[in-house]
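Numbering (UniProt numbering), first residue to last: 1 to 359.
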């Protein structure tokens, strides 16, 4: 006969064993569930280069028309909407966060619309790059037609061979926007006919020349808002500039080189944004990913994988500014989900409010 003490020990061991079995079973169920999520593409595994405290993220396709060349996402806090453009359709679009619906409008006289910027003190008004012009337009965010209020700048006949590409407003309310040669006139990666401009009192002040495809722009705020990051796609890097009091760019340096040991990575940088800590998020045309570049180490610490190849631009938004919106392109007739609008959640970071242009 077993002593009471012995029986107690065995019973305790049995309880422990039983609990252990339950815990083991739960662990297996969790593992199986995670594997199913990975297989379905709803949960993405962080890059091996990520820091230990990095979180998982989820990629969701949003209800929006497929874009031939989606670009320029801008989150508007007041309307809780994401505005962006389809350059080649051309169209301006608004994703209504609450309604989970996307509205689209055309602009008479435009053959391309390359960027859209919010305007301070003027609700339902936006500044867009259309062809080789910069224009003020009005749009209620629902109708199928936007209206041109006036042309702010026309680069003129000498620049008919180029169009505006990416553009963005800096922390002081100034617009920076760049150009690229028209695709119909040859390879813009080779020709380098583009320029980067700063808008000032009805004119475009040249900041940089000999550019292939002027692309991503962002600023190192709130830490150093007078430092700007910039992408010329063919350069295969991200450059940094100091911003003078008048807005001129100085002290150009290479912040991050996309090449690996001098080799072409097989993709180029496109649109860009930064989070509240100053880390960069670079869309990769041809790379099927958004790269998070740590501001301090200047290294990629996360690759956000997407189910399409041509990633064009990114912007933080959502009620808490903790959701990353991603535009893409169906260029070349690529199958769905190419050209879709995506949202990435679970990154564990926040962005910054988008700046409005002061006219």
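Quick reminder that beta carbons are idealized off the backbone N, C-alpha and C, glycines included.
Computed from a predicted structure; not experimentally measured.
Compute the Euclidean distance between the alpha carbons of residue i and residue j, then round it to the nearest angstrom.
i           : j           : result
residue 180 : residue 307 : 27 Å
residue 303 : residue 256 : 15 Å
residue 109 : residue 248 : 32 Å
residue 379 : residue 56  : Nothing about residue 379 can be reported from this structure: the residues present for the chain run from 1 to 359 only.
residue 149 : residue 125 : 9 Å
residue 285 : residue 330 : 11 Å
residue 204 : residue 155 : 8 Å
residue 142 : residue 86  : 16 Å
residue 80  : residue 262 : 43 Å
residue 30  : residue 238 : Bear in mind that the predicted position of residue 30 carries a pLDDT of just 42, short of 50, making it too unreliable to give a figure here.
residue 328 : residue 343 : 11 Å
residue 82  : residue 274 : 17 Å
residue 75  : residue 185 : 34 Å
residue 59  : residue 322 : 13 Å
residue 40  : residue 210 : In this predicted model, residue 40 has a pLDDT of only 37, less than 50, meaning its place in the structure is not dependable; the value taken from the coordinates is given anyway. So the two alpha carbons sit approximately 44 Å from each other.
residue 93  : residue 341 : 11 Å
residue 297 : residue 152 : 40 Å
residue 147 : residue 107 : 6 Å
residue 49  : residue 319 : With a pLDDT of only 45 at residue 49, under the threshold of 50, the placement of this residue in the model should not be trusted, and no figure is reported.
residue 325 : residue 84  : 10 Å
residue 140 : residue 171 : 25 Å
residue 175 : residue 276 : 21 Å
residue 202 : residue 95  : 30 Å
residue 230 : residue 144 : 33 Å
residue 192 : residue 264 : 18 Å
residue 281 : residue 254 : 16 Å
residue 208 : residue 251 : 12 Å
residue 332 : residue 295 : 34 Å
residue 187 : residue 232 : 14 Å
residue 206 : residue 246 : 13 Å
residue 339 : residue 121 : 32 Å
residue 102 : residue 287 : 26 Å
residue 45  : residue 309 : At residue 45, the pLDDT of 47 sits below 50, so the modelled position is not reliable and the matter cannot be decided from this model.
Between which two residues does the alpha helix (DSSP H) carrying residue i extend?
i           : result
residue 88  : Residue 88 -> no alpha helix (DSSP H), and no H or E assigned at all.
residue 191 : 188 to 191
Does the Cβ-Cβ distance between residue i and residue j come in under 8 Å?
i           : j           : result
residue 128 : residue 355 : no
residue 66  : residue 112 : no
residue 227 : residue 244 : no
residue 100 : residue 123 : no
residue 134 : residue 177 : yes
residue 271 : residue 71  : yes
residue 363 : residue 311 : Given a span of 1 to 359 for the chain in the structure shown, any question on residue 363 remains unanswerable.
residue 216 : residue 173 : no
residue 189 : residue 234 : yes
residue 337 : residue 61  : yes
So the beta strand (DSSP E) residue i belongs to, where does it begin and stop?
i           : result
residue 61  : 58 to 61
residue 224 : 224 to 232
residue 308 : From DSSP, residue 308 is part of no beta strand (DSSP E); its letter is neither H nor E.
residue 239 : 237 to 243
residue 146 : 145 to 154
residue 97  : Where residue 97 is concerned, there is no enclosing beta strand (DSSP E), given that its DSSP letter is neither H nor E.
residue 70  : 70 to 76
residue 323 : 323 to 328
residue 443 : Only positions 1 to 359 of the chain appear in the structure, and residue 443 is not among them; the question remains open.
residue 384 : Since the first residue of the chain shown is 1 and the last is 359, residue 384 is not available in this structure.
residue 263 : Here residue 263 belongs to no beta strand (DSSP E), and DSSP marks it neither H nor E.
Return the residue from the list the options that minimises the CA-CA distance to residue i.
i           : options            : result
residue 166 : 332, 69, 242, 104  : 69
residue 313 : 320, 292, 58       : 292
residue 278 : 316, 266, 270      : 316
residue 138 : 157, 105, 358      : 105
residue 98  : 84, 358, 77        : 77
residue 300 : 145, 258, 159      : 258
residue 183 : 294, 251, 160      : 160
residue 225 : 283, 232, 242, 236 : 242
residue 131 : 280, 157, 346, 250 : 157
residue 260 : 251, 282, 281, 236 : 236
residue 345 : 332, 305, 309      : 305
residue 73  : 206, 251, 283      : 283
residue 358 : 136, 295, 332      : 136
| task | Take every Cβ of the region 342 to 352, pair it with every Cβ of the region 105 to 123, and state whether three or more of those distances are shorter than 8 Å. | result | Pairwise C-beta distances place the region 342 to 352 out of contact with the region 105 to 123, as fewer than three of them are shorter than 8 Å.
| query | When the Cβ atoms of the region 198 to 205 are set against those of the region 217 to 228, are three or more pairs found closer than 8 Å? | reply | With the cut-off at 8 Å, the region 198 to 205 and the region 217 to 228 do not touch.
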